[in-house]
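Here is the structure we will look at, set down as structure tokens.
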Amino acid sequence: MYLEKKNVTPQQAVKILEKNGIKTNEKEAKKILDFLYILAILVVREYLEED
């Protein structure tokens, strides 16, 4: 159901978030990425199922 291959690593996410003034660590970044991947899957699924 969920993609195993993810293109953004927690380390990359930490750098991106820090550039935007958000302090986080790799553990928190992984949770954020997991949430965003799930959200993206739901949005795409909803879009494709529209009539």
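305 is the number of the first residue of the sequence shown in the numbering used here; add one for each residue after it. Positions of the beta carbon are idealized from the N, C-alpha and C atoms, including for glycine.
Quick check: the Cα distance between residue 305 and residue 342, rounded to an integer number of angstroms? The count along the sequence shown starts at 1 and reaches residue 305 at position 1. The count along the sequence shown starts at 1 and reaches residue 342 at position 38. Unreliable placement is indicated for residue 305, whose pLDDT of 48 sits below 50; no coordinate value is reported for it.
Could you name each continuous alpha helix (DSSP H) segment of 4 residues or more that falls completely within the segment 311-341, going from the start of the chain to the end? 314-323
The segment 322-334 in contact with the segment 343-351 per 3-pair CB rule at 8 Å: no
Given a cut-off of 7 Å, decide if residue 333 and residue 344 are closer than it, judged by their beta-carbon atoms. Here residue 344 refers to the residue found at position 40 of the sequence shown. Here residue 333 refers to the residue found at position 29 of the sequence shown. In this structure, residue 333 does not lie closer than 7 Å to residue 344 by Cβ.
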